Amino acid sequence: QTPLKKTNALIAQMGITFLNAYVPSALCCPSRASILTGKYPHNHHVVNNTLEGNCSSRLWQKIQEPYTFPVLLKTMCGYQTFFAGKYLNEYGAEDAGGVGHVPPGWSFWYALEKNSKYYNYTLSVNGKARRHGENYSVDYLTDVLANMSLDFLEYKSNFEPFFMMISTPAPHSPWTAAPQYTKSFQNVSAPRNSNFNIHGKNKHWLIRQAKTPMTNSSIQFLDDAYRKRWQTLLSVDDLIEKLVKKLEVNGELDNTYIFYTSDNGFHTGQFSLPIDKRQLYEFDIKVPLLVRGPGIKPNQTNKMLVANIDLGPTILDIAGYDLNKTQMDGMSLLPLLRGDKNVTWRSDFLVEYQGEGYNGSDPTCPGLGPGVT
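Here the sequence shown stands for residues 1 to 373, where the numbers follow our numbering.
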């Protein structure tokens, strides 16, 4: 079972699935900043989901935003660029320009204020606030993003290449499914893999704090969360089907690259950790990465070690931009997408997370040496 049957048929089976795709930081804002900049967090300096942690802060806007890959696509490669959905968790904060701030590099801007929602949210529509309520037919965010994207494909210029970044909050909490999907997957529960509901002995000290075994109510909660995540993804699956069909009707599908990925993984009971991400383990740092497009043979898998810092360099490479001019940490995936032989590739990558800046005196936190914070 999967909530993404159409996505698998339309992208994975028509292209390539990367089996070892990772993020350098298993948290929304640092990971999204890595996608946009092609940099590791220690180079883009977004360390958590707060303004103080540089998430959509004035400093981010001044130092990093002018050099994201969409800026280069628009200014150097002549692309029409379209953004719709969740940008960065603190986007729209009043002391960082509010929703009137439209980042450079975007021709069309439909960004969610702050963090993930499905109803009762505000969008920045090219810098002007637009409030949405809780009427499914006009407000359900995944469908709103789909409709905006279809409108762009209908009315964009046919004389310039285009780039779209569609960022659905789904399957992020609060896991609000569309009404027609709230009864789906009633028999689905979180995977009972080998590290489910066991103590993380010999692991990082933070992992070892989890209470084992989990309570029945915790297990019930995480099973419910997992099921609801799948329900929200059914609308994402619909969105992808609509976009692919529209590209086909437009005669543009065979000339368009489509990437499907996420900004982090999540745990549901691994090492008895009920619901979250942030940890430097496979379940939190591994993400899907499916790609279809010109020159990509169908139904392939690739085991190379790839990361979200590679997305910007790849898209710029596709657009013909000289990557030597960038300051990005990632590598272009284009040789892997084309199936080039004897590609020199990485054997490792960096995973980093600086935490939320909590300074409490937790007795379970190990003592740190002199000069270490």
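Cβ atoms here follow ideal geometry from the backbone N, Cα and C, with glycine treated the same way. Predicted model, so just to flag it, every value in this text is computed and none were measured.
Assignment of beta-bridge partners to D276 by DSSP yields H267. Assignment of L19 by DSSP, reduced to helix, strand and coil, places it in the coil class.
A contact between stretches requires three or more CB pairs, one per stretch, nearer than 8 Å, and the stretch 244-257 fails this requirement with the stretch 192-211. V306 is bridged by DSSP to A21.
Scanning the stretch 115-153 for uninterrupted beta strand (DSSP E) segments of 3 residues or longer gives 122-125, 128-131, listed from N- to C-terminal end. In this model, D340 and M304 are separated by some 13 Å (Cα to Cα). The stretch 6-21 makes contact with the stretch 257-276: 3 or more CB pairs, one atom from each, lie closer than 8 Å. Around the beta-carbon of D95, fewer than 16 other beta-carbon atoms lie within 10 Å, marking it exposed. Only residues of its own chain outside the window of five on either side were considered, and among them K246 have a CB closer than 8 Å to the CB of E154, listed in chain order. For A178, there is no enclosing beta strand (DSSP E), since its DSSP letter is neither H nor E. Taking every protein chain shown into account, the CB of W230 has 16 or more other CB atoms within 10 angstroms, so this residue is buried. Rounded to the nearest whole angstrom, the C-alpha separation of V47 and L337 is 31 Å.
Relative to N120, the option among V144, P104, A319, V188 whose CA is nearest is V144. A residue is called buried when at least 16 other Cβ atoms come within 10 angstroms of its Cβ; T168 meets this threshold and is buried.
Collapsing the DSSP output to three states places W109 in a strand. Residue state for T256 is assigned as coil, using DSSP reduced to three classes. Note: R292 is bridge-paired with I258 in the DSSP secondary-structure output. Contact annotation, A190 with G269: C-beta distance approximately 6 Å; criterion of less than 8 Å satisfied. Residue pairing of T301 in beta bridges, as defined by DSSP: T17.
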